[in-house]
Structures are given as structure tokens and as C-alpha cells.
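Take a look at the structure set out below.
There are 2 protein chains.
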Amino acid sequence: MINREYLAMLGNKSVIRELSEYATARGKEIGYDNVFDFSLGNPSVPAPESYRDNAIRLLQEEEPLKLHGYNPTQGDPRVKEKVAASLNARFGMSYTGNLIFPTSGAAGAIAHAIRCVTEPGEEVIVFAPYFSEYDQYVGGAGAKIRVVPMKADDFQINFEAAEGFFNEKTAAVLINTPNNPSGAVYTEETLSRLAGLMAQKSEQLGHTIFLISDEPYREIVFDGKKQPYPAKFYPHTLTCYSFSKSLSVPGERIGYVAVSPDCEQADKMVPMMGQISRGTGHNCPSSLPMLAAAFCLEDTSDLSVYETNMNLLYDTFKELGFTVPRPGGTFYIMPKALEEDAVAFCKKALKYDLVFVPGDGFKAPGFFRVAYCVDTEKVERSLAAIRRFVETEYPNR
Amino acid sequence: MINREYLAMLGNKSVIRELSEYATARGKEIGYDNVFDFSLGNPSVPAPESYRDNAIRLLQEEEPLKLHGYNPTQGDPRVKEKVAASLNARFGMSYTGNLIFPTSGAAGAIAHAIRCVTEPGEEVIVFAPYFSEYDQYVGGAGAKIRVVPMKADDFQINFEAAEGFFNEKTAAVLINTPNNPSGAVYTEETLSRLAGLMAQKSEQLGHTIFLISDEPYREIVFDGKKQPYPAKFYPHTLTCYSFSKSLSVPGERIGYVAVSPDCEQADKMVPMMGQISRGTGHNCPSSLPMLAAAFCLEDTSDLSVYETNMNLLYDTFKELGFTVPRPGGTFYIMPKALEEDAVAFCKKALKYDLVFVPGDGFKAPGFFRVAYCVDTEKVERSLAAIRRFVETEYPNR
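So this is what it looks like as C-alpha cells:
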């Protein structure tokens, strides 16, 4: 029979996608340049030239049978070794190639990591605000997502609330830093405290709770800072990465899981992921795009534009009286709406051709997400529209 | 908790992989050229130059943000349109782009197709001999595989046995033609009879039984013949394809599902697959490799070597007294072993540095698979070894 669950999903259109479609349609009326579309988290700067050069060089120089041939179930050894070496050099880790599992982006990485460390029916804790696709990754593995309410003043972790979410069914904690949608960068203090809590709960509950750390925005951190590496704080960590943002290649679907050397059963994890791939029909990521990335692991697109955009928007929102934690990274900012209902707020913004996403889907009701992965010139032009919107609709704010 | 099911799978090493590892190890002793490794179905001819040229041209000419950007959930429209047009021209179909779902190879295609047309607990009928990874694809979707015993004289479908396998839980039939491991090409007669049986059973059981047709070897057919297109025979067909064999790019993981225009709920299927992808973290195939293939849909590697190899092996096996149906396509041949226990037979062959795979894993006990996707020169050298093996071990055959 046609699967009823998936059939039913066709009715639930994603709010982000609806807004993005609205923006595209409106763009056809007034020119897309005049729509301030802040709906989608799609990189706006091109891939670095080194990525293209590597891909062309591989196509020209490598034997096609080898370049395009099947990878071993656990991934191309060259890619695994290079990723391990790069992480070790950057973060003082001691990965070996066999602890790296190349995947189809972070989505593939998280889907594999969750299947690895959960039994169906077990629970995965996430902290609001969080990327709503996590519901799919966790649900697809047969596990249950438990959402800790947000800490609205700075979007770090709400530890007071978190305590009560751990129980005998807790298999893993899934974090995302730098964070989509809030732009928060978890501090050393946050990560230390989380590690302490997880160690204590593991001890108390008599089983290891795993940390799944989703880090596609790792390279987009502002003010000259760096994202503290979560796996340094907690041994039982599966680090999930995507090259989508750092190299601006989201369509190539390349990323990896890095299993921490001191993780419980570390040596079993990647072989298990190889098995998991068989059932999802997912297998390894594409050879050529993945290998090209492995030859430019230290490169990124020019990511500075995101910081420029953030400052323009942050300053304007502050000036207009918004409550808005300053993002530490990513290409998102999440201010508090000027009325309780962020959906109503975002609807009013559309009249000014401003496309924002209500925070409700990220479990951040009352807030809205602004994805500023757009040209700075457009961000600059949007500021007047934001001002007009706010001053007209909320004169007594 | 670490998932016990996947952990347990680590114990079950694939026989094919074990044999392949043996061949590699033995190769280190005596030189891999001297190991007649017929274990793996890995293409042995390079990708056509047009594939490389397309990939390089795209990298040089396309805007990187567009080339490497996110695809829509249901796939790149350019790819979808081109695949539909090519199938229509070749097979007289009337696909539109929205009926094509680009996937990560045939594995991804089958995994999506099964999830689309089964509910957990329902059954999928396959015909022995069959590619053993189907167990994973079907099991991964929560469905149950039912194996119809083989028709050993020609490896077409055993219709007498098939009748009894249909019941109220039957959701789909999964076929693979040209067939791995037997090399059989299902005839028009076979496909007509199968369509008739499925229509009759659908009517009788009161629900549509879907046909999932796995066709990665579609372009490797011998004697100047063509594979009749299964979707022409039965309307409710999901055709699964991979470019791995036709373009010799198995590592790039590119393929598609084509939903027949007259399939029940045809217009819902691709949107459902878009939803299914979210839970497996699989998403679309990689942009660049997929788009490069879409620009050379009518090209293939030089596949003639497989027919040359087949004839050399077939003639030798016949001459030595084997019972062996002549393959109509693929790069496999599956003779009957010279003793009842094909595992014992294949073990003895190893003494002559001949690496064959016992048919047991393909539910073809007593037979063995020879994957002749190797250089013709090596096939030629192997014939003397085959002869020596057979004459020494089975002098009274």
C-alpha cells in the first residue's frame, strides 16, 4: 500500500518553504532584487577557487576507474586520513582515519549518528531553539525527540530546565553550535557545564549518554573568535560536519561523522554506520565532490560577508528597540518580535517585502529568524524597509 | 544505548567481501595480476570521456553558487526534464520531469521506492536468484522480503511457485533485469506474464500491487538485443536506475526513480520520496556528478568488453561440461557447481587462484557467480586455470 505516513506528510508544508515560495512569487512581480528575502539558509558566497581547481585536477589527472569507483563501505581511506589529520591539527584531537565516516552532508551524518547510539523508543534531548529537521532525523531512527525550552536572553543552554529531561530512556544529547536559528556560539562554560551534567546523568542512570554535535557553521564565527570544539569537553562525542557552509557547496552533499577516540565502543561506531547505510540505501557520499573537499580542508569561501551583514542588521534592530541577543556566528540572527505572536509579526513584515521566519518552528515562539546569507548591498537596502515597517506598524513600541 | 541490531550486524561479514579481501591479500603474495578475482561487480572500463568533459565544463562555466547549491527537495529540474525526455525517446513512455526523482544510485532509488509503496509489516516479493542487498533495502523500510525459488534452467521467473506468494500483505514485487547474479534478461513473455499475474492478484486482493524494477544493467545486453522496458508492461511501476554501470561511476552514487505516468497516485510518489529523504538524511544526490550525467544520458562506457568476456567464459564452461544458462546481459554468469555444495566448490577453486562467489547468498544454492568485469586479457589467462581446476578436482564429472 502507498505509505500513509509519508502521504500525510505532503499536507504539512514547511513554513520556511512557503515563505521562500512567496518571496520567489513576489520577486516575479516586483523583481527579486526588491524582495528582502531572509527566509533560506543558503550560502551566498561562491565556493573557493581551490575547490573548483581540485575537482578539475582530479578529473584530469586521476584514473577514472579509481576516481569514480566504489568506495569501501566505511569511506575512502584518503578522505578519512585527511579529515582526521586536519581535525587533529586544528583541535588537538587524536583521531585516526578509521574514526571518520564520510557522509552525505550533516543530514546524513546526524541520521547515521542517531541510529548508531539509540534503540527505537529511546530519547534524544535537544535545546531550543533548534533546527526543525532534527525532528525528521530523530523520528526516522525510531527515537523520540525531547525539547528543552530555550534560554531567551542569550540562547545558551537552559540548564535549570535541562536537568529534568534526563531519564533511563535518554540515549543522546544533540547540540548545534554555532546555532541555527539563533546564531549563538556555545561558550567554553556552556560546553563544560553540559559535559558535567551528561557525565553525572550517565553515572546516575548507569549508561553512557552520547553527545551528537552538529557543526556545519563551525567556520562562521565572528569577532575573531573560534568555536570551542565540543568533543574536547566530553569523550563520548560524535561530531557531525558538513562542507555546505564552509565551502558553499550544499548541493554536493558532503560531510562526515568524527567519532571521538575515547568514546565508548569508538572502534565499533564507523563499522556500524557502514551497516546502517545499507538499509537507508545511502552508502558513501559522492567520490569526486568529497575527494575535492579533502584536498582543501583548510580553505573556506570568503565568509566575512556574513559578519558584515550581521553587524548591519544587529545595529538596526537594537536601534529600533528590539530585544536581540548578538549572534556569535552563522548567518542567522533571531530578535524578539514586537508582538507576542511572531507569525502575525512576520505576516505584517511581508507588506514591506521583508521575508522573516517565525520562531515557532524552531520552538522559539515570539522570536523570528533572519537569514542574512544575501548580498550586503541588499541587506543595506533592507534596513530602510525594516525601519519603515517597524515605525509604521509599531509606533508605540 | 549503542544500537544492538547494527552492532550485531558487524559479526555477519559478507561472503563476497571476504572473498574479495582474500583476493586482495593473495594478490599481495603472488601479484594481483595472477589472482583471477571474479568476486566483485565493479565496472572495469573507464567512464566515457563525455562524462569527464561535462563535469569539467560545468565546473568552468557554471556559476559556482548555482552549480553547487541546494537542489529542491524533489531534485534538480534540469536533471528531471532531461531524464524524462531520454526515457520517453528510448522507450516510448510519457514521463514528465515531476515523475523523476534523482537519487544516490540504485540503492537510494530502491530504498525510496520501497518506503513509498509499503507499510511496515507488508511484504515485497523477489525472485531468486537476487542481489542480496535487497534484504537490507526491504528490511530497512520495515517490510518483509518473500523469496520465490529460482527457475534454474534459464533464470527467468518461476511462475508456478510465484502464485502462492501473493497474499493480502503483498505490497510490491521487486525485479532486477538484466539480473545480478544470473545475467538473465527477462523476456517480453516473462514481463507480460508477470504483469498479467500482478494485475490478476491486485484485482483479487482488492489493492494495487506495485512493481519496483531495478535496472542498473539495462545498457549491458548481448547479441545486439535490448532489454524490454518493464514499465511498458505494467502501469504501476517504479523504475529504479543507477548510472554506476552504464557510465562506470559507481562511487558517484547517482541514479533515479521514474514513476510511470499511469501508476496509481503517480503525482504523489515523487513528493513522498522528497519527504522520505528527510528521515534518512539522504536528500538529493550530489549536484555536480548528477548534472554531468544528465548531459550525457545517451552515452555509455565501452561496454562491449563484457560480451567478449562472457563468450570466453561461457564457451569454456560449456566445453568443460558445466550446466550454465547463457547470460543475456550484465557482467555476471552463474553456472551450476560440479558438486552439490557450491561453497566447497568455490573453496577448492581458490587453490587455483580462482575467486568465485557461491550462489547461496543469492538464494541459488548449488550455483556460483562469476563477475567478469575484468580485463579480457585476464579472463583469457583464467581459462587455463579453470580448466586445470576442473580437470584436477573433478576428473569424473
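Those sequence lines, one after another, are chains D and X. Heads up, the first sequence is in the working numbering, so the first residue is 1449 and it goes up one at a time. Heads up, the second sequence is in the working numbering, so the first residue is 1449 and it goes up one at a time. Beta carbons are placed, not taken as given, at the ideal position from N, Cα and C, and that holds for glycine.
Exercise for the section: Check distances from the C-beta atoms of the segment 1574-1589 of chain X to those of chain D and list, in chain order, the residues that come in under 7 Å. Expected result: Hits within the stretch, in order: Glu-1581, Gln-1584, Tyr-1585, Gly-1587 and Gly-1588.
Problem - chain D contact for X/Glu-1570 (CB, 8 Å cutoff) - result: Answer yes: the Cβ-Cβ gap between X/Glu-1570 and chain D drops below 8 Å somewhere.
Exercise for the section: Determine whether the Cβ of X/Asn-1519 lies closer than 8 Å to any Cβ atom of chain D. Expected result: yes
Exercise for the section: Could you have a look at D/Asn-1624 and say whether DSSP puts it in helix, strand or coil? Expected result: strand
Handout entry: Continuous alpha helix (DSSP H) stretch holding D/Lys-1592: start and end
Key = Premise fails: D/Lys-1592 lies in the beta strand (DSSP E), 1592-1596, not in any alpha helix (DSSP H).
Handout entry: the segment 1683-1704 of chain D: positions lying closer than 7 Å to chain X by Cβ
Key = Ser-1696, Val-1697, Pro-1698, Gly-1699, Glu-1700 and Arg-1701
Practice task
Would you check if the distance between the CB atom of D/Tyr-1499 and the CB atom of D/Val-1697 is smaller than 8 Å?
Solution key: Yes. Within cutoff.
Handout entry: chain X contact residues for D/Cys-1564, given Cβ-Cβ distances below 8 Å
Key = Ile-1450, Asn-1451 and Tyr-1454
Practice task
Return the bridge partner residues of X/Val-1463 from the DSSP annotation.
Solution key: Partner(s): none; X/Val-1463 has no beta bridge.
Handout entry: Per DSSP, the bridge partner or partners of D/Tyr-1704
Key = D/Pro-1550 and D/Tyr-1689.
Exercise for the section: Using a Cβ cut-off of 8 Å (strictly closer), state whether X/Thr-1728 contacts chain D. Expected result: yes
Practice task
State yes or no: is the beta carbon of D/Gly-1776 nearer than 8 Å to at least one beta carbon in chain X?
Solution key: D/Gly-1776 does not count as touching chain X.
Exercise for the section: Can you grab the Cα-Cα spacing for the pair X/Gly-1553 / X/His-1560, in whole Å? Expected result: 11 Å
Exercise for the section: Indicate whether at least one CB of chain D lies closer than 8 Å to the CB of X/Gly-1631. Expected result: Using beta-carbon distances, X/Gly-1631 does not count as an interface residue toward chain D, since no partner is under 8 Å.
Handout entry: beta strand (DSSP E) segment containing D/Ile-1573, residue limits
Key = 1571-1575
Problem - Identity of the residues DSSP links to D/Ser-1694 by a beta bridge - result: D/Ser-1694 pairs with nothing; no bridge assigned.
Handout entry: Selection from D/Arg-1829, D/Gly-1523, D/Leu-1507 and D/Ser-1487 that minimises the alpha carbon distance to D/Thr-1472
Key = D/Ser-1487
Handout entry: Alpha-carbon spacing of D/Ala-1714 relative to D/Tyr-1518, whole angstroms
Key = 25 Å
Practice task
Determine the burial state of D/Leu-1736: buried for a count of at least 16 other Cβ atoms within 10 Å of its Cβ, exposed for fewer.
Solution key: buried
Problem - Any chain D beta carbon closer than 8 Å to X/Glu-1667 - result: no
Practice task
Compare the C-alpha of X/Met-1457 against each of D/Val-1718, D/Thr-1638, D/Ile-1504 and D/Lys-1530 and name the closest.
Solution key: D/Val-1718
Problem - Euclidean distance between Cα positions of D/Asn-1439 and X/Cys-1711 - result: The displayed coordinates of chain D run from 1449 to 1845. Any statement about residue 1439 of chain D would go beyond what the structure contains.
Exercise for the section: Taking the CB atoms as reference points, tell me whether D/Tyr-1704 and D/Ala-1557 lie closer together than 8 Å. Expected result: yes
Practice task
Determine the extent of the alpha helix (DSSP H) in which X/Phe-1816 is found, giving its start and end residues.
Solution key: That residue, X/Phe-1816, is in no alpha helix (DSSP H); its beta strand (DSSP E) goes 1816-1819.
Handout entry: Straight-line Cα distance separating X/Leu-1645 from X/His-1684
Key = 13 Å
Handout entry: Length of the line joining the Cα atoms of X/Phe-1658 and X/Ser-1708
Key = 11 Å
Problem - Which listed residue (D/Thr-1638, D/Gln-1675 and D/Thr-1625) has its alpha carbon closest to that of D/Ser-1396 - result: The structure shown does not extend to residue 1396 of chain D, since chain D is modelled only from 1449 through 1845, so no value can be given for it.
Handout entry: Alpha-carbon to alpha-carbon, X/Glu-1571 and X/Lys-1617
Key = 6 Å
Exercise for the section: Report the residues of the segment 1788-1817 of chain D with a CB closer than 7 Å to any CB of chain X, ordered along the chain. Expected result: So nothing in the stretch comes that close.
Exercise for the section: Check the DSSP bridge columns for D/Phe-1765 and list the partner residues they point to. Expected result: Bridge partners of D/Phe-1765: none, in fact.
Handout entry: Cβ-based neighbour list, D/Asn-1502, same chain, cut-off 7 Å, excluding 5 preceding and 5 following
Key = Ala-1740, Phe-1743 and Cys-1744
Problem - Closer than 8 Å to chain X by CB, D/Met-1646 - result: No, D/Met-1646 does not count as interfacial toward chain X.
Exercise for the section: Flag this pair as yes or no: are the beta carbons of X/Val-1838 and X/Arg-1829 separated by less than 8 Å? Expected result: Not a contact, by the Cβ cut-off of 8 Å.
Practice task
In angstroms with no decimal places, state the Cα-to-Cα distance between X/Pro-1577 and X/Arg-1774.
Solution key: 15 Å
Exercise for the section: Return no unless some Cβ of chain X is closer than 8 Å to the Cβ of D/Asn-1536. Expected result: no
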